[in-house]
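A.B. asks:
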Amino acid sequence: MIQEVLHSRDGKYERNAWVMSTEGSPSGRLMIFLDGEFYVDRMNISTLLAELGEEYSPFTGVFISNFDSEARHYDYICNSEYARFVAEDVLVWVQERYPSVQLTNSLIGGLSLSGLQSAYIACNYPEVFNRALCQSPSFWWEQEWFLRNINPDKIKNSQFWVSVGDQEKDTNVLHPPTNLFQEIDQVTAVEHVVELLRNRQIEVNYHPYVGGHNVGGWKTELKEALSWLLK
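Residue numbers 10 to 240, in this note's numbering, belong to the letters of the sequence shown in order.
(1) Please report the straight-line C-alpha distance between residue 62 and residue 56, rounded to a whole angstrom.
(2) So, are the CB atoms of residue 80 and residue 134 less than 8 Å apart?
(3) Compute the beta-carbon to beta-carbon distance between residue 205 and residue 170, rounded to the nearest angstrom, for a pair I have assumed lies under 8 Å.
(4) Can you tell which of 188, 60 and 144 has the C-alpha that lies nearest to the C-alpha of residue 221?
(5) Do residue 66 and residue 45 have their C-beta atoms within less than 8 Å of each other?
(6) Just verifying my parser: in three-state terms, what is the DSSP assignment at residue 57?
(7) Could you tell me which residues DSSP pairs with residue 73 in its beta bridges?
(8) With three or more beta-carbon pairs closer than 8 Å as the criterion, would you say the stretch 147 to 156 touches the stretch 98 to 117?
(9) Roughly how many angstroms lie between the CA atoms of residue 178 and residue 172, to the nearest whole one?
(10) Would you give the residue range spanned by the alpha helix (DSSP H) that residue 222 belongs to?
(11) What would DSSP say about residue 67, mapped onto helix, strand or coil?
(12) Name the DSSP bridge partner or partners of residue 172?
(13) Identify, in the order they occur along the chain, each residue of the same chain with its Cβ nearer than 6 Å to the Cβ of residue 201, setting aside the five sequence neighbours on each side.
(14) Give the range of the beta strand (DSSP E) segment to which residue 47 is assigned.
(15) If you run the structure through DSSP and keep just helix, strand and coil, what is residue 11?
(16) With DSSP collapsed to three states, give me the class of residue 191.
(17) How many angstroms separate the CA atom of residue 121 from the CA atom of residue 146?
(18) Over what stretch of residues does the beta strand (DSSP E) that includes residue 209 continue unbroken?
(19) For the candidate residues 165, 203, 83 and 127, whose alpha-carbon lies nearest to that of residue 188?
(20) Does the Cβ-Cβ distance between residue 238 and residue 168 come in under 8 Å?
(21) Output yes or no for whether 8 Å exceeds the beta carbon distance between residue 71 and residue 28.
(22) Within the continuous beta strand (DSSP E) that includes residue 38, where are the two ends?
(23) Considering only DSSP beta bridges, list what residue 138 is partnered with.
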């Protein structure tokens, strides 16, 4: 694992990142994970990537830190500036720093709010990220803003893994530290997006799991999810 520091060209973002590869040096297909510390610290991702590396062609994962809980509430709410940072600035950095990494057919992934932002990035930069891992994505945000603003015609060749726990039924919740207001429950919001994608013939693997909004459910499904997205 290589630790790096990423900077946006406009100076707005500085984020820690961890780089892992199935080869001796970073190469192959690119996977970018938001909320990177969740995957690195709590999901045993290095072991999982090693297992997947025995089954699939080489790939490299870049795990971008969320900075802090307050920054998450700004970076991950369908934020176009943060999307540009990831899809443009980070990719330029990857190309310069690790030229053997391929920048086509890339994967973007995240969980909860970063699952929402990953879906947003995939929908706005499908020429870069045509695979998205969205674990318990917060599609409830801003009264289902994502559902109302998605353009399915742009993502006809994209693939989405979308999951949610069957216990994610809370409504009318204020989420600290910025008091983001969740009116609709997570399951309903996720199912609305899945229905839209399927109705527009976009490939989506909907994976409801037994459990709540926590790392346990996300970790359990992660190998199956990445295997499907890497196929």
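All residues carry an ideal CB built from backbone N, CA and C; glycine is no exception.
C.D. replies: Per the coordinate set shown:
(1) By one-based count along the sequence shown, residue 62 stands at place 53. By one-based count along the sequence shown, residue 56 stands at place 47. Approximately 10 Å between the Cα atoms of the pair.
(2) Your numbering for residue 80 matches position 71 in the sequence shown. Your numbering for residue 134 matches position 125 in the sequence shown. No, they are not a contact pair.
(3) Taking the first residue of the sequence shown as 1, we reach residue 205 at position 196. Taking the first residue of the sequence shown as 1, we reach residue 170 at position 161. About 16 Å; that fails the 8 Å criterion.
(4) For the purposes of this step, residue 221 is identified with residue 212 of the sequence shown, where counting begins at 1. Of 188, 60 and 144, the residue nearest in Cα terms is 144.
(5) Walking along the sequence shown from the start, residue 66 turns up at place 57. Walking along the sequence shown from the start, residue 45 turns up at place 36. Against a cut-off of 8 Å, the Cβ pair of residue 45 and residue 66 comes out as no contact.
(6) On the sequence shown, residue 57 is found 48 positions in, with the first residue counted as 1. Note: residue 57 maps to helix in three-state DSSP.
(7) By one-based count along the sequence shown, residue 73 stands at place 64. In DSSP, residue 73 forms a bridge with 26.
(8) no
(9) Locating residue 178 in the sequence shown gives position 169, where the first residue counts as 1. Locating residue 172 in the sequence shown gives position 163, where the first residue counts as 1. Taking the straight line joining both Cα atoms gives about 14 Å.
(10) Residue numbering aside, residue 222 sits at position 213 when the sequence shown is read from its first letter. Here residue 222 belongs to no alpha helix (DSSP H), and DSSP marks it neither H nor E.
(11) Position 58 of the sequence shown, counted from the start, is the residue given in the question as residue 67. Coil.
(12) In the sequence shown, the residue the question calls residue 172 occupies position 163. DSSP lists 144 and 216 as partners of residue 172.
(13) As a position in the sequence shown, residue 201 is number 192, starting the count at 1. Here the set comprises 156.
(14) To locate residue 47, count along the sequence shown from 1; it is residue 38. Premise fails: residue 47 lies in the alpha helix (DSSP H), 45 to 51, not in any beta strand (DSSP E).
(15) Start at 1 with the first residue of the sequence shown, and residue 11 comes out as number 2. Looking at residue 11 - three-state DSSP - the assignment turns out to be strand.
(16) By 1-based counting over the sequence shown, the position of residue 191 is 182. If DSSP states are grouped into helix, strand and coil, residue 191 belongs with the strands.
(17) As a working mapping, residue 121 is identified with position 112 in the sequence shown. As a working mapping, residue 146 is identified with position 137 in the sequence shown. Using only the alpha carbons, I get a separation of about 4 Å.
(18) Position 200 of the sequence shown, counting from 1, holds the residue named residue 209. From DSSP, residue 209 is part of no beta strand (DSSP E); its letter is neither H nor E.
(19) Against the sequence shown, residue 188 aligns to sequence position 179. For the residues 165, 203, 83 and 127, the minimum Cα distance to residue 188 belongs to 83.
(20) By one-based count along the sequence shown, residue 238 stands at place 229. By one-based count along the sequence shown, residue 168 stands at place 159. Yes, these two residues count as a Cβ contact at 8 Å.
(21) The sequence position of residue 71 within the sequence shown is 62, counting from 1. The sequence position of residue 28 within the sequence shown is 19, counting from 1. It is a contact, given that the beta carbons lie within the stated cut-off.
(22) Indexing the sequence shown from 1 puts residue 38 at position 29. That run of the beta strand (DSSP E) goes 38 to 42.
(23) In the sequence shown, counting from the first residue as 1, residue 138 sits at position 129. 115.
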